[in-house]
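Engineer:
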Amino acid sequence: MLPWIIFIIAAILCTALATAVFGGVLNGGSLKQVPVDSQKISAANTALIQEGNAEGVRFEVVYRGYRPTQVDEVIAQLNTEIRELREENSRLRAPRKDYYGNGMHPSSETSDKEPEHTWQR
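Take 1 as the starting number for the sequence shown in UniProt numbering and just add one per residue.
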């Protein structure tokens with residue numbers, strides 16, 4: 001009976017020791033999180049978006065996904081850029097009355113005549 005008790009105690013001690021070693025209790029935790037500077041990540045994301053590199057954007061990983069404030073900042077910047085590009089697009093597509101006089105773009109006229117050029121060859 002005594003050898004069984006010694007065997008059980010030895011098994012428990014070996015299990016506890018293995019758990020402590022592999023669990024990181026003895027070395028202070030080998031899976032510590034690396035401190036991340038949120039301001040640097042936000043600044044880097046802003047610079048990447050201004051360069052047009054949306055694929056390079058990175059977020060800080062938190063318990064249930066990414067840090068929401070960083071994601072919201074990037075979405076706001078992308079929405080601003082989209083709005084500016086749409087405004088520029090509509091401005092460039094609009095007919096120019098000061099240039100064409102009647103507001104009609106030359107491509108909308110149905111004329112078979114060759115356009116008269118003002119420059120010389």
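Ideal placement from N, C-alpha and C gives every residue a C-beta, glycine not left out. Here the structure is a predicted model, which is why all the values come from computation and not from measurement.
Taking residue 71 as the reference, which of 49, 8, 86 and 10 has the closest Cα?
Structural biologist: The shortest C-alpha separation from residue 71 is found at 49.
Engineer: DSSP beta-bridge partners for residue 62?
Structural biologist: In the DSSP output, where bridge partners are listed per residue, residue 62 has 65.
Engineer: Confirm, please, whether the CB-CB distance from residue 45 to residue 84 is below 8 Å.
Structural biologist: In this structure, residue 45 does not lie closer than 8 Å to residue 84 by Cβ.
Engineer: Buried or exposed: where does residue 59 fall if 16 or more other Cβ atoms within 10 Å of its Cβ makes it buried?
Structural biologist: Under this definition residue 59 is a buried residue.
Engineer: Going by beta-carbon coordinates alone, are residue 67 and residue 38 separated by less than 8 Å?
Structural biologist: Cβ atoms of residue 67 and residue 38: closer than 8 Å.
Engineer: Would you give the residue range spanned by the alpha helix (DSSP H) that residue 53 belongs to?
Structural biologist: No alpha helix (DSSP H) holds residue 53; DSSP gives it neither H nor E.
Engineer: Can you tell me whether residue 94 is helix, strand or coil according to DSSP?
Structural biologist: Here residue 94 sits in coil by DSSP.
Engineer: Can you grab the Cα-Cα spacing for the pair residue 40 / residue 55, in whole Å?
Structural biologist: Whole-angstrom Cα-Cα distance: 17 Å.
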